[in-house]
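Engineer: Provided herewith is a single structure, encoded as C-alpha cells, for subsequent inquiry.
Residue numbers (our numbering): 444 to 515.
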C-alpha cells in the first residue's frame, strides 16, 4: 500500500509542476495582452494598462521562476 500512496504523491507533484508552469505563461501572456490591446479587449485606459501589464508580466516571471525552482 505504501507504494500506491507514494505513486499518487509523485503524480500529483508532476501535475502541479505543469499547472504552475502553465499559469506562469497565462499571467505573462495576459500582461502582454493588456499592454498591447488594452483599449480594444479589456476597456482599460492607456494610463493604467502599462503598469497593470508590467505587474502581470513580472508576476508571471516570478511564478515561472518559482515553478522552475520547485521542479529541481
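Don't be surprised by glycine CBs; every beta carbon is placed ideally from N, CA and C.
Quick caveat: nothing in here was measured; it's all calculated off a predicted structure.
1) Using a Cβ-Cβ cutoff of less than 6 Å, which residues in the same chain neighbour residue 460 once the five nearest sequence positions on both sides are dropped?
2) Verify whether the separation of the beta carbon atoms of residue 464 and residue 499 is less than 7 Å.
3) Let me know the secondary structure DSSP gives residue 460 once reduced to three states.
4) Tell me the DSSP secondary structure of residue 504 in three-state form.
5) Put residue 488 into one of helix, strand or coil per three-state DSSP.
Structural biologist: On the basis of the coordinates in this document:
1) So the qualifying residues of the chain are 514.
2) In terms of Cβ geometry, residue 464 and residue 499 do not form a close pair [threshold 7 Å].
3) Helix.
4) Helix at residue 504.
5) Residue 488 sits in coil when the DSSP states are folded into three classes, being neither helix nor strand.
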